[in-house]
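Quick mapping for you: the protein sequence lines, in order, are chains Y and S.
Numbering-wise, numbering that gives the first Met the number 0 puts 220 at position 221 of the first sequence, and it's gapless, one number per residue.
Numbering-wise, numbering that gives the first Met the number 0 puts 95 at position 96 of the second sequence, and it's gapless, one number per residue.
Positions of the beta carbon are idealized from the N, C-alpha and C atoms, including for glycine.
There are 2 protein chains.
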Amino acid sequence: MIFELQFLSSEIDARAGRLCLPHGELLTPVFMPVGTRATVKGIMNDALEELASGIILSNAFHLYLRPGADLIERAGGIHKFMNWKGNVLTDSGGYQVFSLSALRRISEEGVSFQSPLDGSYHTFTSERVMEIERQIGADIIMAFDECSPYPCDHDYAQESLERTTRWAARCRREFQDDTQTLFGIVQGSIYPDLRLESARQIIDIGFAGYAVGGLSVGESKREMLLALAAAVSALPVDAPRYLMGVGLPEDIINCVAGGIDMFDCVLPARMGRNGTVFTMQGRLNIRNAVYAEDYRPIEEGCPCPACQGYSRAYVRHLFKCGEMLAAILATTHNLAFYKRLMQDIRQAILEDAFSDYAADFLGGYLGGTYEK
Amino acid sequence: MIFELQFLSSEIDARAGRLCLPHGELLTPVFMPVGTRATVKGIMNDALEELASGIILSNAFHLYLRPGADLIERAGGIHKFMNWKGNVLTDSGGYQVFSLSALRRISEEGVSFQSPLDGSYHTFTSERVMEIERQIGADIIMAFDECSPYPCDHDYAQESLERTTRWAARCRREFQDDTQTLFGIVQGSIYPDLRLESARQIIDIGFAGYAVGGLSVGESKREMLLALAAAVSALPVDAPRYLMGVGLPEDIINCVAGGIDMFDCVLPARMGRNGTVFTMQGRLNIRNAVYAEDYRPIEEGCPCPACQGYSRAYVRHLFKCGEMLAAILATTHNLAFYKRLMQDIRQAILEDAFSDYAADFLGGYLGGTYEK
Chain Y
0 MIFELQFLSS
10 EIDARAGRLC
20 LPHGELLTPV
30 FMPVGTRATV
40 KGIMNDALEE
50 LASGIILSNA
60 FHLYLRPGAD
70 LIERAGGIHK
80 FMNWKGNVLT
90 DSGGYQVFSL
100 SALRRISEEG
110 VSFQSPLDGS
120 YHTFTSERVM
130 EIERQIGADI
140 IMAFDECSPY
150 PCDHDYAQES
160 LERTTRWAAR
170 CRREFQDDTQ
180 TLFGIVQGSI
190 YPDLRLESAR
200 QIIDIGFAGY
210 AVGGLSVGES
220 KREMLLALAA
230 AVSALPVDAP
240 RYLMGVGLPE
250 DIINCVAGGI
260 DMFDCVLPAR
270 MGRNGTVFTM
280 QGRLNIRNAV
290 YAEDYRPIEE
300 GCPCPACQGY
310 SRAYVRHLFK
320 CGEMLAAILA
330 TTHNLAFYKR
340 LMQDIRQAIL
350 EDAFSDYAAD
360 FLGGYLGGTY
370 EK
Chain S
0 MIFELQFLSS
10 EIDARAGRLC
20 LPHGELLTPV
30 FMPVGTRATV
40 KGIMNDALEE
50 LASGIILSNA
60 FHLYLRPGAD
70 LIERAGGIHK
80 FMNWKGNVLT
90 DSGGYQVFSL
100 SALRRISEEG
110 VSFQSPLDGS
120 YHTFTSERVM
130 EIERQIGADI
140 IMAFDECSPY
150 PCDHDYAQES
160 LERTTRWAAR
170 CRREFQDDTQ
180 TLFGIVQGSI
190 YPDLRLESAR
200 QIIDIGFAGY
210 AVGGLSVGES
220 KREMLLALAA
230 AVSALPVDAP
240 RYLMGVGLPE
250 DIINCVAGGI
260 DMFDCVLPAR
270 MGRNGTVFTM
280 QGRLNIRNAV
290 YAEDYRPIEE
300 GCPCPACQGY
310 SRAYVRHLFK
320 CGEMLAAILA
330 TTHNLAFYKR
340 LMQDIRQAIL
350 EDAFSDYAAD
360 FLGGYLGGTY
370 EK
């Protein structure tokens with residue numbers, strides 16, 4: 000992996016860069032569509048070449064349970080298995096394992112859990128997760144971490160971040176594959192002091208890139224931005240920074256301003272499946288009666304395959320009928336929207352005009368009651 | 000509409016032809032994928048240009064209820080509404096209305112029924128159905144008919160076919176749009192004498208094409224083929240013949256041998272959604288464990304987008320996870336398979352070798368226990 004910063008904004012922390020990975024170069028800030036089970040829901044993987052920006056996220060926990068990391072290794076790795084020529088980042092499964100709550104038990108060694116699929120028993124340790132992510136074969140893999148719950152008291156958050164540090168060190172020792180890149184994850188809940196402490200500890204271990212995890216789990220936007228700022232303040236300027244699981248366009252804009260290079264989020268696909276589509280003027284619910292005879296595309300001027308051929312009236316009809324094509328078209332548009340958003344953001348950074356861009360976007364996007 | 004016969008088999012009734020319609024020329028025998036609600040489930044309408052053979056079927060009953068035939072008319076017709084450049088045939092709704100059983104009442108005038116969507120009351124008459132199909136704007140529209148139930152006694156089948164004849168005559172009188180083509184429908188249940196009688200009555204009214212309806216509703220294959228033969232024996236040689244709702248590849252081959260030019264069936268899409276895929280060696284259930292690490296395409300040698308990029312192992316994984324892409328890929332392949340099957344059938348007819356082709360296909364297709 001090579002990361003090259005191309006431009007640092009003069010007034011804020013926004014930055015533009017280039018991240019070279021085995022399956023192609025990424026221009027940052029970049030958004031990664033989520034393909035949890037080696038598929039971005041409803042999208043042909045060929046179509047992802049247009050709709051993604053050269054990288055998607057998949058999930059080690061889900062792939063380990065089904066079809067199995069060993070099967071993916073025998074298939075020649077995840078790229079070949081799913082027919083995707085771009086890059087893949089795998090999350091370590093920390094977030095998913097901890098979401099199991101009643102089904103898991105944490106120890107210093109790792110986490111024992113029961114499969115939500117069949118009740119079978121499994122243990123994830125740093126070493127095991129490194130093995131699983133090696134078998135899956137993503138370009139970027141994440142260290143095993145504990146994603147602390149929200150709310151979470153200061154004492155537990157501290158205990159948890161220190162365990163995450165010890166697990167990160169074990170991941171770092173175990174990691175050997177020089178075709179993959181390992182990122183560390185900063186934890187510390189909503190506490191700026193703990194975020195700073197975690198960042199310092201993770202940096203001490205030393206990774207090629209750094210993620211900020213455990214945010215956007217229920218805390219307020221203010222809590223999120225303060226925790227993020229504390230973490231980022233300690234991160235080296237020359238390594239890529241990835242904010243996990245965030246978010247909506249307004250969150251992305253705010254976090255780019257805070258110095259983040261990489262994002263992932265299920266929302267464009269999930270909201271699309273539910274009939275919410277994005278436009279630069281705000282979100283709209285395409286199921287609404289007002290669109291019954293609206294023959295404009297989902298977003299006027301959008302060059303995506305959904306907007307080039309289909310009207311709001313038709314997409315609404317498909318949603319009302321529960322037809323698969325509804326979700327396909329809305330997801331297609333939302334992914335194309337996110338890609339365009341990131342390209343606009345990057346362009347604004349390169350022109351050293353990101354503050355103005357952000358103010359304009361947020362004013363137009365959030366100001367209106369956009370149902371027209 | 001212009002229909003031109005290009006070749007009549009020397010030993011059997013199979014025929015190859017050319018059907019010129021407002022949205023392009025069809026080469027017959029032809030299969031029409033079913034897009035009940037103006038969408039072939041799971042398929043982008045752009046992709047249909049490759050996967051269909053220039054025509055799809057949609058359904059006046061479903062479109063009348065949602066989004067409404069008047070809305071489709073204001074949208075500029077079904078082609079524009081759904082973004083489909085090829086031809087459309089609309090079924091009249093007879094089959095669907097009669098399937099409502101408890102919710103409908105038949106009189107000489109027509110059928111009154113309650114909407115399965117909201118319980119509202121509606122009446123379909125010949126005149127109303129002609130108006131609805133005109134509003135939807137398909138290239139070929141079907142006369143309003145009574146699809147008699149199965150089993151059905153001879154007396155009721157006779158009464159029903161005679162009512163269907165009177166309704167067909169009313170449709171013929173009402174039909175005026177010279178950009179559309181109206182087909183009549185032969186009924187008569189499983190009784191060859193009634194099928195012959197119905198065919199003669201419908202031909203007396205005079206239509207540009209003739210459909211055989213009310214088959215493949217539960218009767219045996221033998222009953223179906225005898226009823227079909229009786230109907231076809233009376234049909235003019237120079238008009239297109241359409242067997243409604245049939246069928247599996249083996250049925251299509253048998254009915255092409257019986258002189259049919261046009262087919263439609265929900266099975267390739269529905270079976271695909273359930274994990275059954277077609278190959279020239281037989282069907283296979285892609286969910287089976289035997290495909291867990293089978294890295295061949297669904298069908299070796301198939302040029303379709305699903306077989307060009309994805310393995311059986313991956314498609315099986317998607318089905319096991321309940322992912323939308325599973326249904327998308329299996330439907331894509333099955334439609335491509337049907338298109339290829341019809342091209343092969345046509346080629347065999349043009350070479351006057353259809354009997355041999357049919358014997359070879361049915362031997363290879365049905366002989367094996369194809370799960371490999």
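* Asked: Using a C-beta to C-beta distance shorter than 8 Å, which residues of chain Y count as neighbours of R65 of chain S?
  -> Taking the first residue of the second sequence as 1, we reach residue 65 of chain S at position 66. Chain Y residues near R65 of chain S: H316, K319 and C320.
* Counting only the same chain and skipping the five closest in sequence on each side, list residues whose C-beta sits under 7 Å from that of V265 of chain Y. => As a working mapping, residue 265 of chain Y is identified with position 266 in the first sequence. These residues qualify, in order along the chain: V33.
* Asked: Any contact of the region 144-158 of chain S with the region 184-193 of chain S, i.e. 3+ C-beta pairs under 8 Å?
  -> yes
* Does any C-beta atom of chain S lie closer than 9 Å to the C-beta of I327 of chain Y? -> On the first sequence, position 328 is the one that residue 327 of chain Y refers to. At least one chain S Cβ lies under 9 Å of I327 of chain Y.
* Determine the chain Y residues that contact R73 of chain S at a beta-carbon separation under 8 Å, and present them in chain order. => Here residue 73 of chain S refers to the residue found at position 74 when the second sequence is read from its first residue. Here the neighbours are E292.
* If you measure from the beta carbon of N86 of chain Y to each beta carbon in chain S, is any gap under 9 Å? -> Within the first sequence, residue 86 of chain Y is the residue found at index 87, counting from 1. Closer than 9 Å: no.
* Asked: Do three or more CB pairs link the region 309-320 of chain Y to the region 282-293 of chain Y at distances below 8 Å?
  -> yes
* Roughly how many whole angstroms lie between the Cα atoms of A137 of chain S and A74 of chain S? -> On the second sequence, residue 137 of chain S is found 138 positions in, with the first residue counted as 1. On the second sequence, residue 74 of chain S is found 75 positions in, with the first residue counted as 1. Their Cα atoms are separated by approximately 13 Å.
* To do: Report the residues of the region 262-280 of chain S with a CB closer than 9 Å to any CB of chain Y, ordered along the chain.
  => R272
* Do the region 273-290 of chain Y and the region 38-58 of chain Y meet, that is, are 3 or more Cβ pairs less than 8 Å apart? -> no
* Asked: First and last residue of the beta strand (DSSP E) that includes A15 of chain S?
  -> Here residue 15 of chain S corresponds to residue number 16 of the second sequence, with the count starting at 1. First-last of the beta strand (DSSP E) with A15 of chain S: R14 to L20.
* Asked: So what's S215 of chain Y in DSSP terms, helix, strand or just coil?
  -> To locate residue 215 of chain Y, count along the first sequence from 1; it is residue 216. Three-state result, S215 of chain Y: coil.
* Which residues does DSSP pair with H121 of chain Y in a beta bridge? -> By 1-based counting over the first sequence, the position of residue 121 of chain Y is 122. In DSSP, H121 of chain Y forms a bridge with Y:F112.
* Asked: When the Cα atoms are used, what is the spatial distance from D192 of chain S to A229 of chain S?
  -> Along the second sequence, read from residue 1 onward, the residue named residue 192 of chain S stands at position 193. Along the second sequence, read from residue 1 onward, the residue named residue 229 of chain S stands at position 230. Using only the alpha carbons, I get a separation of about 7 Å.
* **Contacts that M129 of chain S makes with chain Y (C-beta to C-beta distance below 9 Å)** => Within the second sequence, residue 129 of chain S is the residue found at index 130, counting from 1. Near M129 of chain S there are no residues of chain Y at all, since even the closest Cβ is about 23 Å away, more than 9 Å.
* Asked: So, are the CB atoms of L62 of chain S and I140 of chain S less than 9 Å apart?
  -> The residue you call residue 62 of chain S lines up with position 63 of the second sequence. The residue you call residue 140 of chain S lines up with position 141 of the second sequence. Not closer than 9 Å, so no.
* Asked: Span of the alpha helix (DSSP H) holding T27 of chain Y?
  -> Working through the first sequence from its first residue, we reach residue 27 of chain Y at position 28. T27 of chain Y -> not in any alpha helix (DSSP H); beta strand (DSSP E) instead, spanning G23 to T27.
* State the Cα-Cα distance for the pair L88 of chain S and A358 of chain Y, rounded to the nearest angstrom. => Against the second sequence, residue 88 of chain S aligns to sequence position 89. Against the first sequence, residue 358 of chain Y aligns to sequence position 359. Spanning the two alpha carbons is a distance of roughly 52 Å.
* To do: Jot down the residue ranges of each uninterrupted beta strand (DSSP E) in the region 135-215 of chain Y, minimum 3 residues, whole runs only, in chain order.
  => 139-141, 180-185 and 208-211
* Asked: How should T35 of chain S be labelled, buried or exposed, when 16 other C-beta atoms within 10 angstroms of its C-beta is the threshold for buried?
  -> The residue given as residue 35 of chain S occupies position 36 in the second sequence. When all chains shown are included, T35 of chain S counts as buried.
* **Interface residues of the region 99-120 of chain S facing chain Y [CB-CB below 9 Å]** => none
* Buried or exposed: where does K338 of chain S fall if 16 or more other Cβ atoms within 10 Å of its Cβ makes it buried? -> In the second sequence, counting from the first residue as 1, residue 338 of chain S sits at position 339. With 16 or more other Cβ atoms within 10 Å, it is buried.
* **Completely contained alpha helix (DSSP H) runs for the region 296-365 of chain Y, where each covers 4 or more residues** => 304-308, 311-320 and 323-349
* **Integer Cβ distance of V236 of chain S from F262 of chain S, believed to fall under 8 Å** => In the second sequence, residue 236 of chain S corresponds to position 237, counting from 1. In the second sequence, residue 262 of chain S corresponds to position 263, counting from 1. Actually they do not touch by this definition, with Cβ atoms about 19 Å apart.
* Asked: Residue range of the alpha helix (DSSP H) that G281 of chain S falls in?
  -> In the second sequence, counting from the first residue as 1, residue 281 of chain S sits at position 282. First-last for G281 of chain S: G281 to N284, but that is the beta strand (DSSP E), not the alpha helix (DSSP H).
* Within chain Y, partners of A312 of chain S - CB distance below 7 Å -> The residue given as residue 312 of chain S occupies position 313 in the second sequence. Within chain Y, the residues near A312 of chain S are A74.
* **I344 of chain Y burial status per 10 Å Cβ neighbour count (16 or more: buried)** => The count along the first sequence starts at 1 and reaches residue 344 of chain Y at position 345. Buried is the call here.
* **Reduced DSSP category for M261 of chain S - H, G, I as helix; E, B as strand; rest coil** => As a working note, residue 261 of chain S is residue 262 in the second sequence. Reduced to three states, the DSSP call for M261 of chain S is strand.
* Residue-chain proximity (Y356 of chain S, chain Y), Cβ-Cβ < 9 Å -> Counting from one through the second sequence, the residue named residue 356 of chain S turns up at place 357. It does not: the Cβ of Y356 of chain S has no partner Cβ on chain Y nearer than 9 Å.
* Give me the Cα-Cα distance between C170 of chain S and G205 of chain S, rounded to the nearest whole angstrom. => Position 171 of the second sequence, counted from the first residue, corresponds to residue 170 of chain S. Position 206 of the second sequence, counted from the first residue, corresponds to residue 205 of chain S. Between C170 of chain S and G205 of chain S, the C-alpha separation is close to 11 Å.
* To do: Starting from Y241 of chain Y, trace the beta strand (DSSP E) both ways and give me its first and last residue.
  => To locate residue 241 of chain Y, count along the first sequence from 1; it is residue 242. From DSSP, the beta strand (DSSP E) with Y241 of chain Y extends over R240 to L242.
* For T331 of chain Y, the nearest candidate out of Y:R269, Y:E350 and Y:Q346 (CA to CA) -> Stepping through the first sequence from its first residue, residue 331 of chain Y is reached at position 332. Among Y:R269, Y:E350 and Y:Q346, the Cα nearest to that of T331 of chain Y belongs to Y:R269.
* **Cβ-Cβ distance between S215 of chain Y and D250 of chain Y below 9 Å** => The sequence position of residue 215 of chain Y within the first sequence is 216, counting from 1. The sequence position of residue 250 of chain Y within the first sequence is 251, counting from 1. Yes, Cβ-Cβ distance for S215 of chain Y and D250 of chain Y is below 9 Å.
* State yes or no: is the beta carbon of A288 of chain S nearer than 9 Å to at least one beta carbon in chain Y? => As a position in the second sequence, residue 288 of chain S is number 289, starting the count at 1. Answer no: the Cβ-Cβ gap between A288 of chain S and chain Y never drops below 9 Å.
* Asked: Where does the unbroken alpha helix (DSSP H) through R381 of chain Y begin, and where does it stop?
  -> Nothing about residue 381 of chain Y can be reported from this structure: the residues present for chain Y run from 0 to 371 only.
* Asked: Does the Cβ-Cβ distance between G217 of chain S and P150 of chain S come in under 9 Å?
  -> Taking the second sequence and counting its residues from 1, the one referred to as residue 217 of chain S is at position 218. Taking the second sequence and counting its residues from 1, the one referred to as residue 150 of chain S is at position 151. Taking 9 Å as the Cβ cut-off, G217 of chain S and P150 of chain S qualify as a contacting pair.
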